[in-house]
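J.:
Numbering (our numbering), first residue to last: -1 to 423.
1. Assuming residue 112 and residue 151 are in contact, meaning their beta carbons sit under 8 angstroms apart, how far apart are those beta carbons, in whole angstroms?
2. Count Cβ pairs between the stretch 190 to 200 and the stretch 80 to 100 that sit closer than 8 angstroms; are there 3 or more?
3. Where does residue 104 land, buried or exposed, given buried means 16+ other C-beta within 10 angstroms?
4. Cβ of residue 260 within 7 angstroms of Cβ of residue 39?
5. Tell me the rounded alpha-carbon separation between residue 317 and residue 97.
6. In terms of residues, what are the limits of the alpha helix (DSSP H) holding residue 98?
7. Buried or exposed: which applies to residue 382, given that a residue is buried once 16 or more other Cβ atoms fall within 10 Å of its Cβ?
8. Cα separation between residue 122 and residue 95?
9. Would you mind sorting residue 410 into buried or exposed? The rule is 16 or more other CB atoms within 10 Å of its CB.
10. Tell me whether residue 299 is buried or exposed, calling it buried when 16 or more other Cβ atoms sit within 10 Å of its Cβ.
11. Grab me the residues of residue 205's own chain with a C-beta within less than 6 angstroms of its C-beta, minus the 5 sequence neighbours each way, in chain order.
12. Helix, strand or coil for residue 260, going by three-state DSSP, please let me know.
13. Which residues does DSSP list as the beta-bridge partners of residue 129?
14. Residues in the same chain with beta-carbon distance under 8 angstroms from residue 402, minus the five sequence neighbours each way, listed in chain order, please.
15. Put residue 239 into one of helix, strand or coil per three-state DSSP.
16. Spell out the partners DSSP gives residue 415 in its beta bridges.
17. How big is the Cα-Cα spacing for residue 210 and residue 109?
18. Using the three-state DSSP reduction, which class does residue 60 fall into: helix, strand or coil?
19. Kindly indicate which residue of 280, 212, 246, 310 has the alpha-carbon position closest to the one of residue 265.
20. Going by the CB atoms, is the gap between residue 46 and residue 86 shorter than 7 angstroms?
21. Who are the Cβ neighbours of residue 160 in its own chain at under 7 angstroms, not counting the five residues just before and after it?
22. Between 185, 181, 67, 164, which has its C-alpha nearest residue 249's C-alpha?
23. Leaving out the 5 sequence neighbours to the left and right, which residues in its chain are closer than 6 angstroms to residue 405 when beta-carbon positions are compared?
24. Measuring alpha carbon to alpha carbon, tell me which of 286, 326, 183, 162 ends up nearest residue 370.
25. Would you mind stating whether residue 52 and residue 191 have Cβ atoms separated by less than 7 angstroms?
26. Shortest alpha-carbon distance to residue 73 belongs to which of 149, 185, 172, 311?
27. Would you list the residues sitting across from residue 341 in a DSSP beta bridge?
28. With DSSP as the reference, label residue 326 as helix, strand or coil.
29. Could you give the DSSP three-state label for residue 358: helix, strand or coil?
30. Using 10 angstroms around the beta-carbon of residue 71, count the other beta-carbons present and answer buried if the total reaches 16, otherwise exposed.
31. Please report the residue range of the beta strand (DSSP E) in which residue 437 lies.
32. Evaluate the contact criterion for the stretch 227 to 246 versus the stretch 281 to 296: three or more CB pairs, one atom per stretch, below 8 angstroms.
33. On the DSSP bridge assignment, give the partners of residue 276 in chain order.
34. What separation, rounded to the nearest whole angstrom, lies between the Cα atoms of residue 149 and residue 139?
35. What did DSSP end up calling residue 248 once you bin it into helix, strand or coil?
36. Have a look at 312, 220, 329, 43 and flag the residue whose alpha-carbon is nearest the alpha-carbon of residue 272.
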């Protein structure tokens, strides 16, 4: 009798242990599959939607270049249980009088980038207060080669994590100890900080990011709905379908790849965006190919506009030196002239409607998309006819055309695009 009771007792212990383990595993999967909701909850718990503690600093004034820009540190979220501090350049328009307010923008740099004072100055010259956030623990200064022959910016003892390839640090690491988590947190903290300043019009704060900064911009705006406009340049979602990142994902384990797809893939966040958005990319960008970029644009349910530049160069300076960026921000914050509004007329055919004043238009098509990699296919320019009386633009494509889009230029020289579309045979 004693032996039977013993085995029953042992069986119950094993049964409930297995049940408890399976339940916890199942719960973790359920939580993780919520992706943005899980990340948002974690960030909220860490207080990123409240103004962080900050201090201005003049220790790096030799690098700021402009008198209307100053450095500051704000408190980031903890990394491996230790505090972090984030350096930023903060700039105010020179024309802003004491007691006046101005719209503001958060600047999100890309891979290999940093807190460029020239970028801050570009925005202050257009009448915006700007904050550029160091997302890899950088300080101003020159990049130097480390022991692995990698060029890195100067850092400090409260720097926190830096980016490791394409999400390589999600392997076997907690969410709060991943670089991407910290980058998202730091951007939201910068938004919380800048909108608390008395000179900032908190109803008119936007965000723009370049390359990896564009990826982050697409994710952050799916979490933080306080932004009034968004301008992601290059960076997009559906990265697992872009040739560059498809290749880099091969270095992941099945588990880490699944973690990326269910937690960090930007396409999870893009449908959650609420602010007006201007998407910008080049037709043959080597990092953010047209297949992934177009799916990103189409996934957005907000008020959106598109600028596709034929063979646009990839880089920070190329990414911020577009007049259309500042014109779009002015449209949102200063009620300037509205962008061109382009829309396809039918599910089939190559005619579009437009709203606004179009000066000229061209179409681009491609005949080979076997590989969406930047150098593996060409976009060919062809004529597009503008009917100002009917407010339509049309083009004729050869039988060999597979995909196309139309660029229309307004009277003030700004070009807006239709999303890439498959030619219906």
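Even for Gly, the Cβ is constructed at its ideal location relative to N, Cα and C.
Remember, it's a predicted structure, so these values are computed and weren't measured experimentally.
T.: Answer, in terms of the structure:
1. Here residue 112 refers to the residue found at position 114 of the chain shown. Here residue 151 refers to the residue found at position 153 of the chain shown. Contact holds; Cβ gap of about 5 angstroms.
2. yes
3. Taking the first residue of the chain shown as 1, we reach residue 104 at position 106. Under this definition residue 104 is a buried residue.
4. For the purposes of this step, residue 260 is taken as the residue at position 262 of the chain shown. For the purposes of this step, residue 39 is taken as the residue at position 41 of the chain shown. No, the pair does not count as a contact, with Cβ atoms beyond the cut-off.
5. Along the chain shown, read from residue 1 onward, the residue named residue 317 stands at position 319. Along the chain shown, read from residue 1 onward, the residue named residue 97 stands at position 99. About 33 angstroms.
6. If you number the chain shown from 1, residue 98 lands on position 100. Note, residue 98: premise wrong, no alpha helix (DSSP H); not H, not E.
7. Reading the chain shown from its first residue, position 384 is the one you call residue 382. Classification of residue 382: buried, given that the 10 Å Cβ count is 16 or more.
8. Within the chain shown, residue 122 is the residue found at index 124, counting from 1. Within the chain shown, residue 95 is the residue found at index 97, counting from 1. Cα to Cα, the separation comes out at about 13 angstroms.
9. Locating residue 410 in the chain shown gives position 412, where the first residue counts as 1. Exposed is the call here.
10. In the chain shown, the residue the question calls residue 299 occupies position 301. Result: exposed.
11. Counting from 1 along the chain shown, the entry for residue 205 is found at position 207. Cβ within range, chain order: 104, 215, 225, 228.
12. In the chain shown, the residue the question calls residue 260 occupies position 262. Residue 260 falls in the helix class under three-state DSSP.
13. Position 131 of the chain shown, counted from the start, is the residue given in the question as residue 129. According to DSSP, residue 129 bridges with 88, 104.
14. Locating residue 402 in the chain shown gives position 404, counting from the first residue. Closer than 8 angstroms at the Cβ level, and outside the excluded window around residue 402, lie 348, 361, 362, 363, 364, 393, 395, 418, 419, 421.
15. Start at 1 with the first residue of the chain shown, and residue 239 comes out as number 241. Looking at residue 239 - three-state DSSP - the assignment turns out to be helix.
16. Looking up residue 415 in the chain shown gives position 417. Residue 415 pairs with 405.
17. The residue labelled residue 210 in the question sits at position 212 within the chain shown. The residue labelled residue 109 in the question sits at position 111 within the chain shown. Cα to Cα, residue 210 sits roughly 6 angstroms from residue 109.
18. The residue labelled residue 60 in the question sits at position 62 within the chain shown. Here residue 60 sits in helix by DSSP.
19. Position 267 of the chain shown, counting from 1, holds the residue named residue 265. Measuring from the Cα of residue 265, the nearest candidate turns out to be 212.
20. Working through the chain shown from its first residue, we reach residue 86 at position 88. Working through the chain shown from its first residue, we reach residue 46 at position 48. Contact flag unset, no.
21. Reading the chain shown from its first residue, position 162 is the one you call residue 160. The residues are 134, 135, 177.
22. Taking the first residue of the chain shown as position 1, residue 249 is located at position 251. Among 185, 181, 67, 164, the Cα nearest to that of residue 249 belongs to 164.
23. Reading the chain shown from its first residue, position 407 is the one you call residue 405. Correct list, in chain order: 360, 413, 415.
24. If you number the chain shown from 1, residue 370 lands on position 372. Closest by alpha carbon: 286.
25. Taking the chain shown and counting its residues from 1, one reaches residue 52 at position 54. Taking the chain shown and counting its residues from 1, one reaches residue 191 at position 193. Yes, these two residues count as a Cβ contact at 7 angstroms.
26. The residue labelled residue 73 in the question sits at position 75 within the chain shown. Closest by alpha carbon: 185.
27. Residue mapping note: residue 341 aligns to position 343 of the chain shown, counting from 1. DSSP, once it has assigned bridges, lists 351 as partnering residue 341.
28. For the purposes of this step, residue 326 is identified with residue 328 of the chain shown, where counting begins at 1. DSSP places residue 326 in helix when its eight states are reduced to three.
29. Within the chain shown, the letter at position 360 stands for residue 358. Residue 358 falls in the strand class under three-state DSSP.
30. As a working mapping, residue 71 is identified with position 73 in the chain shown. Its Cβ being crowded by 16 or more others within 10 Å, residue 71 is buried.
31. Since the first residue of the chain shown is -1 and the last is 423, residue 437 is not available in this structure.
32. yes
33. For this step, residue 276 is matched to residue 278 along the chain shown. Residue 276 is bridged to 303.
34. Residue 149 sits at position 151 when you count from the first residue of the chain shown. Residue 139 sits at position 141 when you count from the first residue of the chain shown. About 12 angstroms.
35. Taking the first residue of the chain shown as position 1, residue 248 is located at position 250. Three-state DSSP puts residue 248 in a helix.
36. Here residue 272 refers to the residue found at position 274 when the chain shown is read from its first residue. The shortest Cα separation from residue 272 among 312, 220, 329, 43 belongs to 220.
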